[in-house]
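Same order as they appear, the protein sequences are chains Z and W. Numbering follows our numbering, in which position 142 of the first sequence is assigned residue number 143; successive positions increment by one, without gaps. Numbering follows our numbering, in which position 287 of the second sequence is assigned residue number 292; successive positions increment by one, without gaps. Here is the structure we will look at.
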Amino acid sequence: MYQKLALAIAFSPRMEALIAEARKLIQIFEGELILIHVGTKTPELETQLAEVLSRHCGDLHRIKTIWKEGKPAKTILKTCEEEGVDLLVLGALKKEGILTYYIGSVARKVIRKSKCSVLTLIEPKIETTHFSKVVINGTELEITPLVIARGLKFCQAERSSQVHILNEIKMYGFQMATAGEGTETEVANTRRKLVQDEIQYVQDILDKLDQTGLKINIKVTAGKWAVELVRYCESIEADLLIMGDEQGLTFIDRLFPHDLEGILEELPCNLLIVK
Amino acid sequence: MESLAHQDVINLLLKLATMLLLARIFAEVAQKLKQPAVVGEILAGIILGPTVLGMVGPEFFEFLFKSSPSANLALDGIVQMAVILLLFIAGLEVELHLVWSQGKSAVSISILGLVVPFIFGFLAPYYFPEFFGISEDKKLLFSLFMGTAMSITALPVVVRILMDMNLFKTKMGMVIVAGAMVNDLIGWLIFSVILSFMGKAGNFSLINTIGITLLFTVFMLTLGKGLLNKVLPWTNKKLAWPGGVLSLSMAFCFLAAAFTEWLGIHAIFGAFLFGVALGDSDHLSEKAKEIIHQFINNIFAPLFFVSIGLKINFFTNFDLGLVLVILAISFAGKIIGSGYGALRSGYSPKDALAVGFGMNARGAMEIILGLIALENGLIDEKLFVALVVMALVTSMSAAPLMKWALKKKPGEAD
Chain Z
2 MYQKLALAIA FSPRMEALIA EARKLIQIFE GELILIHVGT KTPELETQLA EVLSRHCGDL
62 HRIKTIWKEG KPAKTILKTC EEEGVDLLVL GALKKEGILT YYIGSVARKV IRKSKCSVLT
122 LIEPKIETTH FSKVVINGTE LEITPLVIAR GLKFCQAERS SQVHILNEIK MYGFQMATAG
182 EGTETEVANT RRKLVQDEIQ YVQDILDKLD QTGLKINIKV TAGKWAVELV RYCESIEADL
242 LIMGDEQGLT FIDRLFPHDL EGILEELPCN LLIVK
Chain W
6 MESLAHQDVI NLLLKLATML LLARIFAEVA QKLKQPAVVG EILAGIILGP TVLGMVGPEF
66 FEFLFKSSPS ANLALDGIVQ MAVILLLFIA GLEVELHLVW SQGKSAVSIS ILGLVVPFIF
126 GFLAPYYFPE FFGISEDKKL LFSLFMGTAM SITALPVVVR ILMDMNLFKT KMGMVIVAGA
186 MVNDLIGWLI FSVILSFMGK AGNFSLINTI GITLLFTVFM LTLGKGLLNK VLPWTNKKLA
246 WPGGVLSLSM AFCFLAAAFT EWLGIHAIFG AFLFGVALGD SDHLSEKAKE IIHQFINNIF
306 APLFFVSIGL KINFFTNFDL GLVLVILAIS FAGKIIGSGY GALRSGYSPK DALAVGFGMN
366 ARGAMEIILG LIALENGLID EKLFVALVVM ALVTSMSAAP LMKWALKKKP GEAD
């Protein structure tokens, strides 16, 4: 599925864990690993990296390290394009004091503008993370069929035990209030139909896909999908959230941050953005 | 505190009971005929008011609505509150995030669907003031008002139609809903400026009022919303549910309304903006929204719609020429504007026409707008009646016209 995997490294204390995680993914997808570092190449850093690599990637033949100088976000994006990377792996940042994670400004820029999929890990571990509980965004968007298809493939490769696909009823309160002009039975029917429609939307996509080995649960919520996704991930303690990307974020999106922005602000778990 | 006399209490309760009963009966009939409940409720008012009951049973009408000035005053207070609450839920319905997610086509449809009817509504009285019976000095204000009155789409009517036609979740449905939301927001902003021009009891000069209005709008949509996002999770967790969120949202709605009334731009504007801020918050659950809607839609809204018919004689103030002109302007403006917007966004001519017909539905908002203008002496009763008729006709015709536009000829491919 992902043949060329890139990891952006910054020689932070978590670099080793990130490399170990990337190594694990390479094993699953049988691909090639590219390490990207934006900054000056010094002998000390080279030695440091070589040490870590020998511990985790000693047996790996298809691996290369790219050292480049320039603006971090721009350089990472350019390198990924030049190398034809499928999946870029990043580490998230931890908020001081409290146990919440967020994506820094460089990573945010990379996520928004990247042409390839991006996996953000909130807590990379040397012993690596297993994504057993996965939540996929099934909200009706143009990209959703692709997100679900890619998400299922990822889950199959990762052998995830539970896959939850979340879809939401748009303007549920308003729709129900409008339906409130009918009789009790009509209202109950409308309520049932609203839920059924959303399940059907996901089911129609699933029917065309291979679901071997997966336990899939379709869940319907009401409200703003981004908020509901975060809440759901928190409540089931999900390991990974898979979602698509909204194209063309503009000035207005900065003025009224929504959806993706809200999730990047406060990460509930690891995040895979499918492009 | 002063209180109502024994007789006044009885009179007030009788008024409320009659209004609610008749509103319910007519709303049910309207729905059986596949028409919005609003249509029935307004008809109920016309029947209870001077137009029908005042003619058929003048003694009963006198007893019910004229015999007790104190009870009338109390009723007026309740109706005022109903209008404020109606605007509050109108604000609650505006979901900005939905608008942004619909992208350019929604913006294009709503802007054109606002600007074109506004221009039509503005130009007609500006160039033919005699026809509308307005004096030269009021011409500008009146034209601005007409422009606004032509441009606000009735969101609840539109949603109902789209749900009935199974179009709500389609791309076209969402675009129409998003377009109507933007229309609402901008339309009320323009109207608040007009209100400050009228400045009946303002505490500030004109420029100051407009400045403070804009500041208040920006505040509510940014900091106010942020504040709500901080307070709501706490209310949901620590206070009774849904009691806590219900009474607090009502309280703050009235506070915001009091503030804008004090500014001199009418209470409804504050309620509307507070509704927008609250509705856009991540933490107001859909269940709470449903409850708020239900109790306002079914108790306060009917009282307001019935009260319109009580105030005015629709028969003596019916001016066919005026009604036809208003209808022509309103149909032409909305259908051309929104339809062209949809066409530009890549819809087929038929679908674009359907979008235009959908956006053409007006309802409560035009009536509230008209009522305020009437109370402020900007328009006369004849024009108000024409506006109410326009709201009724556009609401009633939207669904059949959309169905007609979307009907495929036999043999036509999907």
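Heads up, the beta-carbon is just placed ideally off N, CA and C, and yes, glycines get one too. Remember, predicted model here, so these are calculated numbers, not experimental data.
* Can you give me the Cβ contacts of residue 320 of chain W inside the same chain, cut-off strictly under 7 Å, excluding the 5 residues immediately before and after it? => Within the second sequence, numbered from 1, the residue matching residue 320 of chain W stands at position 315. Contacts found: 56.
* **Backbone CA spacing between residue 258 of chain Z and residue 51 of chain W [nearest angstrom]** => Taking the first residue of the first sequence as position 1, residue 258 of chain Z is located at position 257. Taking the first residue of the second sequence as position 1, residue 51 of chain W is located at position 46. Bear in mind that the predicted position of residue 258 of chain Z carries a pLDDT of just 48, short of 50, making it too unreliable to give a figure here.
* **Runs of beta strand (DSSP E) wholly within the segment 59-143 of chain Z (minimum 3 residues, chain order)** => 64-69, 88-92, 118-122, 134-138
* At which residues does the alpha helix (DSSP H) containing residue 239 of chain Z begin and terminate? -> To locate residue 239 of chain Z, count along the first sequence from 1; it is residue 238. Taken as a continuous stretch (DSSP letters only), residue 239 of chain Z belongs to no alpha helix (DSSP H), as it is neither H nor E.
* Asked: Rounded to the nearest angstrom, how far is the Cβ of residue 126 of chain W from that of residue 334 of chain W, given a contact under 8 Å?
  -> In the second sequence, counting from the first residue as 1, residue 126 of chain W sits at position 121. In the second sequence, counting from the first residue as 1, residue 334 of chain W sits at position 329. Indeed, because the Cβ distance is near 6 Å, the residues count as touching under 8 Å.
* Asked: Which of helix, strand or coil does DSSP assign to residue 235 of chain W?
  -> The residue you call residue 235 of chain W lines up with position 230 of the second sequence. DSSP places residue 235 of chain W in helix when its eight states are reduced to three.
* **Chain-order list of residues whose beta-carbon lies under 7 Å from that of residue 1 of chain W (same chain, five-residue window excluded)** => Any answer about residue 1 of chain W is impossible in this case: the structure gives chain W only from 6 up to 419.
* To do: With residue 165 of chain Z as the anchor, note down where its beta strand (DSSP E) starts and where it stops.
  => In the first sequence, counting from the first residue as 1, residue 165 of chain Z sits at position 164. Run containing residue 165 of chain Z: 163-170, per the beta strand (DSSP E) assignment.
* Assigned secondary structure, residue 11 of chain Z (DSSP; H/G/I helix, E/B strand, else coil) -> For the purposes of this step, residue 11 of chain Z is identified with residue 10 of the first sequence, where counting begins at 1. Correct three-state label for residue 11 of chain Z: coil.
* Asked: Which term fits residue 409 of chain W, buried or exposed, when burial requires 16 or more other beta carbons within 10 angstroms of its beta carbon?
  -> Within the second sequence, residue 409 of chain W is the residue found at index 404, counting from 1. With fewer than 16 other Cβ atoms within 10 Å, it is exposed.
* Asked: Exposed or buried, residue 260 of chain W, counting other C-beta atoms within 10 Å across all chains shown (16 or more means buried)?
  -> Counted from its first residue, the second sequence places residue 260 of chain W at position 255. Result: exposed.
* Are there 16 or more other CB atoms within 10 angstroms of the CB of residue 370 of chain W, so buried, or fewer, so exposed? -> Indexing the second sequence from 1 puts residue 370 of chain W at position 365. It counts as buried.
* Asked: Quick one, which residues of the segment 148-166 of chain W are near chain Z if we go by CB-CB under 7 Å, in chain order?
  -> 161, 164, 165
* Quick one: is residue 290 of chain W near chain Z, going by C-beta distance under 8 Å? -> On the second sequence, position 285 is the one that residue 290 of chain W refers to. By this cut-off, residue 290 of chain W is an interface position.
* Exposed unless 16 or more other CB atoms sit within 10 angstroms - verdict on residue 41 of chain Z -> For the purposes of this step, residue 41 of chain Z is taken as residue 40 along the first sequence, with counting starting at 1. With fewer than 16 other Cβ atoms within 10 Å, it is exposed.
* To do: Give the residues of chain W in contact with residue 173 of chain Z, contact being defined as C-beta atoms less than 7 Å apart.
  => For the purposes of this step, residue 173 of chain Z is taken as the residue at position 172 of the first sequence. Residues of chain W passing the Cβ test: 291.
* Asked: If residue 64 of chain Z sits next to residue 80 of chain Z, beta carbons under 8 Å apart, how far is it from one beta carbon to the other, in whole angstroms?
  -> Sequence index remark: in the first sequence, residue 64 of chain Z carries index 63 (1-based). Sequence index remark: in the first sequence, residue 80 of chain Z carries index 79 (1-based). Not really, about 15 Å apart at Cβ, beyond 8 Å.
* Nearest neighbour of residue 24 of chain W, chosen from W:54, W:327, W:10 [CA to CA] -> Locating residue 24 of chain W in the second sequence gives position 19, where the first residue counts as 1. Comparing Cα-Cα distances from residue 24 of chain W to each of W:54, W:327, W:10, the minimum goes to W:54.
* Quick one: is residue 174 of chain W near chain Z, going by C-beta distance under 8 Å? -> Position 169 of the second sequence, counted from the start, is the residue given in the question as residue 174 of chain W. Yes, its Cβ sits closer than 8 Å to a Cβ of chain Z.
* Using a Cβ-Cβ cut-off of 8 Å, state whether residue 16 of chain Z counts as contacting chain W. => If you number the first sequence from 1, residue 16 of chain Z lands on position 15. Taking Cβ atoms only, chain W never reaches closer than 8 Å to residue 16 of chain Z, which makes this a no.
* Do residue 111 of chain W and residue 120 of chain W have their C-beta atoms closer together than 8 Å? -> Residue mapping note: residue 111 of chain W aligns to position 106 of the second sequence, counting from 1. Residue mapping note: residue 120 of chain W aligns to position 115 of the second sequence, counting from 1. No; because the gap between Cβ atoms is not below 8 Å, this pair is not in contact.
* **residue 224 of chain Z vs residue 266 of chain Z beta-carbon contact at 8 Å** => Here the question's residue 224 of chain Z lines up with position 223 in the first sequence. Here the question's residue 266 of chain Z lines up with position 265 in the first sequence. No; because the gap between Cβ atoms is not below 8 Å, this pair is not in contact.
* **At least 3 beta-carbon pairs within less than 8 Å: the segment 31-47 of chain Z vs the segment 72-88 of chain Z** => yes
* Return the first residue and the last residue of the alpha helix (DSSP H) that residue 16 of chain W is part of. => Within the second sequence, numbered from 1, the residue matching residue 16 of chain W stands at position 11. It spans 11-37 - the alpha helix (DSSP H) in which residue 16 of chain W sits, taken as one unbroken run.
* Of all Cβ atoms in chain W, is any one closer than 8 Å to the Cβ of residue 182 of chain Z? -> In the first sequence, counting from the first residue as 1, residue 182 of chain Z sits at position 181. It does: the Cβ of residue 182 of chain Z has a partner Cβ on chain W nearer than 8 Å.
* Going by CA-CA distance only, name the one from W:250, W:381, W:277, W:247 that's closest to residue 92 of chain W. => If you number the second sequence from 1, residue 92 of chain W lands on position 87. Selected option, being the one with the closest Cα: W:277.
* Can you name the residues that DSSP bridges to residue 221 of chain Z? -> Here the question's residue 221 of chain Z lines up with position 220 in the first sequence. Note: residue 221 of chain Z sits in a beta bridge opposite Z:168.
* Is any beta-carbon of chain Z found at less than 8 Å from that of residue 337 of chain W? -> Looking up residue 337 of chain W in the second sequence gives position 332. Not closer than 8 Å to any Cβ of chain Z, the Cβ of residue 337 of chain W fails to qualify, so no.
* **Interface flag, residue 179 of chain Z vs chain W, CB-CB below 8 Å** => Walking along the first sequence from the start, residue 179 of chain Z turns up at place 178. By this cut-off, residue 179 of chain Z is an interface position.
* 8 Å Cβ cutoff, residue 107 of chain W in contact with chain Z -> Residue mapping note: residue 107 of chain W aligns to position 102 of the second sequence, counting from 1. Residue 107 of chain W does not count as touching chain Z.
* **Same chain only: Cβ atoms within 7 Å of residue 332 of chain W, ignoring 5 sequence neighbours per side** => As a first step, residue 332 of chain W must be located in the second sequence, where it is residue number 327. Answer for residue 332 of chain W: 395, 398, listed in chain order.
* **Sequence-distant residues of the same chain with beta carbon closer than 8 Å to residue 308 of chain W, five excluded per side** => Counted from its first residue, the second sequence places residue 308 of chain W at position 303. Taken in chain order, the residues that qualify are 21, 24, 25, 28, 83, 84, 87.
* Asked: Cα separation between residue 148 of chain W and residue 388 of chain W?
  -> Indexing the second sequence from 1 puts residue 148 of chain W at position 143. Indexing the second sequence from 1 puts residue 388 of chain W at position 383. Approximately 13 Å, taken between the alpha carbons.
* For residue 271 of chain W, name the three-state secondary structure that DSSP assigns. => Your numbering for residue 271 of chain W matches position 266 in the second sequence. Coil at residue 271 of chain W, not helix or strand.
* **Contact set between residue 1 of chain Z and chain W, taken where Cβ atoms lie within less than 9 Å** => Shown here, chain Z extends from 2 to 276; a query on residue 1 of chain Z therefore has no answer.
* Asked: Given that residue 225 of chain Z touches chain W, what residues does it touch there, using C-beta distances under 7 Å?
  -> Here residue 225 of chain Z refers to the residue found at position 224 of the first sequence. What residue 225 of chain Z touches in chain W: 102, 287.
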